[in-house]
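Last residue of the sequence shown: 514 in the numbering used here, with the numbers rising by one and none dropped.
Inspection log for the structure reproduced underneath, given as structure tokens.
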Amino acid sequence: MKRESIISQLQDEDKVFDFLVIGGGATGLGVALDAATRGYSVALFERSDFTKGTSSRSTKLVHGGVRYLAQGDVGLVREALRERGLLRHNAPHLVKDQLFLIPCYRWWEGPFYTIGLVLYDLMARKLSLGRSVCIGPKRASRTIPTLRRQGMKAGVLYHDGQFDDSRLAINLVHTAIEAGACILNYMNVTALLKEDGCVCGVQVQDEENGREYRVHSRAVINATGVFADEILQMDKPGKRPAVRPSQGVHLVLDASFLESDCAVMIPKTSDGRVLFAVPWHNKVVVGTTDTVMEHAEIEPIALEKEIQFILDTAGNYLTRTPKRSDVLSVFAGLRPLAAPRSEGKKTKEISRSHKLFREKSGLITIIGGKWTTYRKMAQDTLDYALRYIHLPTYDCVTENYQIHGTRPNPDFSDPLYVYGTDADDIRVLINSSPEMKERLHPDYAYTKGEVLWLIRNEMPRTLEDILARRLRILFLDARAAMQVAPVVVGLLARERKKDEKWQAAQLEDFNSVASHYILN
Ligand SMILES: Cc1cc2nc3c(=O)[nH]c(=O)nc-3n(C[C@H](O)[C@H](O)[C@H](O)COP(=O)(O)OP(=O)(O)OC[C@H]3O[C@@H](n4cnc5c(N)ncnc54)[C@H](O)[C@@H]3O)c2cc1C
């Protein structure tokens, strides 16, 4: 993952890639990986950092979607459960089996949710992660001691998957590059190239030095999530919007709010959604909301009413009500939902399944879906594109394709477990000098050696790339992230040979973003 050497592949303007993907989130990276592993040449451009958009801001679940089952979307649940199983198999270092508890306060809820979840297990067939069971209130309280005990009639235990979204994305970048893909961050697609009205490539600008490239391709795939309409407008100005952004907010709390490795699922909040409290990297992620937004922002900001809703709802179920001052980090993400044809439909009712369509110019757009189903979305996109372009057809191979870093039976108590097999390399660097062993923060296991390794191997370009999407500390504890920022920017500047002015600008940019992750 050396950006400079990958960029050199763009010098030859006569080169024609088979596929060109716009957008470096879950969807685009999945498409690039699918294409490269089938044997096609493929380039992907991301205008910011990988997963800067929605794909770093999920609930961190690899799941079938219990809620979609309740909505009767059986096809989507079955597909997602299969993908959950495949992903756990292909990236065992990043996808955990997570136990969930549904606390039941009305007599009928225990049997009702047990029947639904047994069905959920059966739909997963041999890829099931474990059996769902109904338990009494005593065992439920032992499982999660901080749950409100008063009035509890039963609990239902079930299994789903849990992961680190941005880390999986970085491993997808690695895997795709190893399979021959040309993948770059900080490359902004500014225009579509056309010949006789047909899209034949893109104009792309290097955000670091302003240099422009014209890159040709047989097919162009728009995988820009909530920004898909921007690319569609480049193709045909005035086109009706295809995407409806819906904001979801998460609050991160200390692990003591759960005192358990088991997650909580509240199946019906006052606005008819589900609320999760999921253990993640020794913290608890609580969310989410569903708020229709007018515009897509790259750094969406949580609304006060969303924050209050999560605090209030969590407080209804926990013995200790979380307060604003307990929130370690708050982050918001935008769901790229397909805009419904009929107005007035609530966003929670819009199907989460993905949607593929092609313009007259040949531009292909993929929107919607979930992180969990990124692989199937990619397979469908390639199969769809291959119907229209003249290329030999190779079959998809990603069902059983091991993702970079794969390590069977990982030790999830190892602070470096998310790196999979790369952890061995990182340890060598950490042990190479006393300086590399130095911790960034007394409360966290991150070391200077780990940071240096990821600067050299994972293509971060800015301080925020490291603290938000490589280490995840901004999402876990925004104040701690601001405290470690000066040391981390020093390491980045040393590696990238940047001066003090650059460091000061990086710190200012980072602190401005991080201030939105802190509640005052
Ligand atoms: C609150 C919330 C919780 C969720 N939780 C879960 C969950 O637990 N499990 C699950 O499976 N799914 C979950 N999802 C869904 C999942 O996160 C999304 O479906 C997925 O991340 C969408 O990825 P994407 O690649 O389509 O979009 P994005 O991740 O937004 O990627 C699009 C990228 O395109 C880039 N781009 C835009 N314009 C250009 C341009 N001109 N040139 C180059 N690049 C460009 C953007 O910078 C961006 O990085 C959740 C979503 C939300 C919002």
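Think of the CB as a built atom: it goes at the ideal place given N, C-alpha and C, for glycine as much as any other residue.
No experiment lies behind these values; they were computed from the predicted model shown.
- Look at the region 111 to 165 and you find these whole runs of alpha helix (DSSP H), each 4 residues long or longer: 131 to 137.
- In the three-state reduction of the DSSP assignment, N310 falls in the helix class, which pools H, G and I.
- With a cut-off of 7 Å, the C-beta of H57 is classified as near ligand 1, since at least one heavy atom of the ligand falls inside that distance.
- For the beta strand (DSSP E) assignment, the uninterrupted runs of no fewer than 3 residues enclosed by the region 245 to 282 are, from N- to C-terminal side, 257 to 260, 269 to 274 and 277 to 281.
- Around the CB of D6, fewer than 16 other CB atoms lie within 10 Å, so the residue is classed as exposed.
- Burial state of W102 is exposed, judged by a 10 Å Cβ sphere holding fewer than 16 other Cβ atoms.
- Within the region 33 to 77, the complete alpha helix (DSSP H) runs of at least 4 residues fall at 60 to 64.
- Take the alpha-carbon of H435 and the one of K442: they are about 10 Å apart.
- The alpha-carbon of L357 is positioned some 46 Å away from that of Y438.
- In the structure shown, R450 adopts helical secondary structure according to DSSP, grouped into three states.
- Between P131 and G149, the CB-CB gap stays under 8 Å.
- Remark: C-beta atoms of I304 and T283 approach each other more closely than 8 Å.
- Listed in chain order, the non-local C-beta contacts of D459 below 7 Å within the same chain comprise D43, local neighbours out to five positions each way being set aside.
- Cβ neighbours of D158 within its own chain (closer than 7 Å, five residues either side excluded): K54, L88, V412 and R466.
- Between the C-alpha atoms of M181 and V60 there is a straight-line separation of about 37 Å.
- Sorting E224, F13, P239 and K277 by C-alpha distance to the C-alpha of K233 places E224 at the top.
- In this structure, P330 lies away from P235, with their beta-carbon atoms at least 8 Å apart.
- It is roughly 25 Å from the alpha-carbon of V68 to the alpha-carbon of V286.
- Contact between G47 and G219 holds: their C-beta atoms lie close to 5 Å from each other, under 8 Å.
- In the structure shown, I460 adopts helical secondary structure according to DSSP, grouped into three states.
- Cα atoms of Y152 and H244: separation of roughly 22 Å, rounded to the nearest angstrom.
- For the 8 Å CB-CB criterion, L247 and V324 do not form a contact.
- Look at E189 here: in three-state DSSP terms it is strand.
- Ranked by Cα distance from Y99, the options K349, Y511, N310 and A332 are led by N310.
- Selection E(-2), M(-5), D12 and V507 evaluated against Y388 yields D12 as nearest (Cα-Cα).
- Annotation for L380: no beta strand (DSSP E) segment contains it, though the alpha helix (DSSP H) segment containing it runs Y368 to L380.
- The shortest CA-to-CA distance from S355 to any of L186, A508 and S160 is the one to L186.
- The C-alpha of F270 lies about 26 Å from the C-alpha of L166.
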